[in-house]
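Under this note's numbering, think of the first position of the sequence shown as 1, with each following residue one higher.
One structure is given here, and the rest of the page talks about it.
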Amino acid sequence: MIGIICALKIEVDGLKALMENAEATKKAGLEFISGKIFDKDVVLLECGVGKVNAAVGTQIMIDLYKPDVVINSGIAGSLSKDLLIGDIVISSDCVEHDINCTALEEPRGQITFTDEKRIDIPADEKYAKLLAECCENLGSSVRIGRIASGDLFVVYRRQREVIAMEFGALCCEMMGAAVGHVCYMNKVPFVIVRSISDDFKFNKPENYEDFKQLAADRTIKALKKFIKLD
1 MIGIICALKI
11 EVDGLKALME
21 NAEATKKAGL
31 EFISGKIFDK
41 DVVLLECGVG
51 KVNAAVGTQI
61 MIDLYKPDVV
71 INSGIAGSLS
81 KDLLIGDIVI
91 SSDCVEHDIN
101 CTALEEPRGQ
111 ITFTDEKRID
121 IPADEKYAKL
131 LAECCENLGS
141 SVRIGRIASG
151 DLFVVYRRQR
161 EVIAMEFGAL
171 CCEMMGAAVG
181 HVCYMNKVPF
191 VIVRSISDDF
201 KFNKPENYED
211 FKQLAADRTI
221 KALKKFIKLD
C-alpha cells in the first residue's frame, strides 16, 4: 500500500477523484481515505499544518494501514538562489531546524531517540529516485537534496540563510521531517516532495495562495505517475 500525506486539500481531492471503492476512516479528527488508484492500494490524508499534526497523522496511518512507503507532498520556501518558484525538491534526507538544545552543548537540530542521537533522517533512496523521475517533464527543475522542517513560517532572507548555512538544506517547510521522523522510528520507507512556492529573497503569505493550485497540479501529476510505476 502507498500512503500519501498532503499539505493541501486540493491535492487529496485531486487524487481522491481517481480512487475506486473509496472508504473514509476518521481518527483523532483526521480523515483517512483508502481505495484503489490504477489498481494499487492507496491511502490519502490531509493532515493539517505543523509538525505535530503531521506526526500524529503519520503514526495513525502506519498503525491502521501499514503502508509500504509514505509520500509527503506539498510546497516549500527556497533556501537556494538556484531554486525558483515552481521548481521541485525530492528529499535525500530531512532535518528539524527548530530543535535547539545548544544550551546543553548539543548541535542544533539533533534528535534524541532512546537508542541514538542524529540530525539527519534519511529518505528511501530507491523511492526518491523513482519520484524524481516522475517529476521530470513537468516544466520545472527537479533536484534531490535535504529538506528542513520546523514549526515556523520562514519569512526573511536572513532566516533562510541561517537554515541553509547550518543544515545545507535546499528548502524549508513545516511538516516533512515530522513525517520522516515517525517513519524512521517505525522503519517505514518515506520520501518528501516539495514544489517551491517562494524564492530565496522573501516569503509572503500571499505567495502561498497564488502558487498552491499550480503546486497541486504538478505534484498530482507526479504522484499519478508514481502510483502507476510503483
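From the three backbone atoms N, C-alpha and C, an ideal C-beta is built for every residue, glycine too.
Residue i - partner residues in DSSP beta bridges
i: residue 221; result: None; residue 221 has no bridge partner.
i: residue 42; result: 2 and 35
i: residue 118; result: 111
i: residue 88; result: 142 and 195
i: residue 72; result: 5 and 192
i: residue 27; result: 30
i: residue 148; result: 95 and 172
i: residue 77; result: 172 and 198
i: residue 20; result: 36
Cβ shell of residue i (< 6 Å), same chain only, five flanking positions each side left out
i: residue 9; result: 46
i: residue 164; result: 79
i: residue 318; result: The structure shown does not extend to residue 318, since the chain is modelled only from 1 to 230, so the question has no answer here.
i: residue 41; result: 1
i: residue 3; result: 43, 61, 67 and 70
Nearest-angstrom Cα separation, counted from residue j out to residue i
i: residue 188; j: residue 22; result: 24 Å
i: residue 176; j: residue 124; result: 14 Å
i: residue 1; j: residue 71; result: 11 Å
i: residue 146; j: residue 184; result: 16 Å
i: residue 69; j: residue 85; result: 28 Å
i: residue 32; j: residue 73; result: 15 Å
i: residue 115; j: residue 20; result: 42 Å
i: residue 27; j: residue 64; result: 10 Å
i: residue 211; j: residue 197; result: 6 Å
Neighbourhood of residue i by C-beta, 7 Å cutoff - its chain only, sequence neighbours within 5 removed
i: residue 228; result: 38
i: residue 53; result: 47
i: residue 16; result: 22, 33 and 44
CB contact below 8 Å: residue i versus chain C
i: residue 229; result: The displayed structure is made up of one protein chain only, and chain C is not part of it.
**Asked** Are at least three pairs of beta-carbons, each pair with one atom in the region 151-161 and one in the region 125-143, less than 8 Å apart?
**Response** no
**Item:** Stretch pair the region 57-64 + the region 82-93: three plus CB contacts closer than 8 Å
**Value:** no
**Prompt:** Do the region 104-123 and the region 78-85 meet, that is, are 3 or more Cβ pairs less than 8 Å apart?
**Reply:** no
**Prompt:** Is the number of C-beta pairs between the region 92-103 and the region 168-178 that are closer than 8 Å three or more?
**Reply:** yes
**Prompt:** Counting only runs that start and end within the region 174-203, where is the alpha helix (DSSP H) found for 4 or more residues in a row?
**Reply:** 176-186
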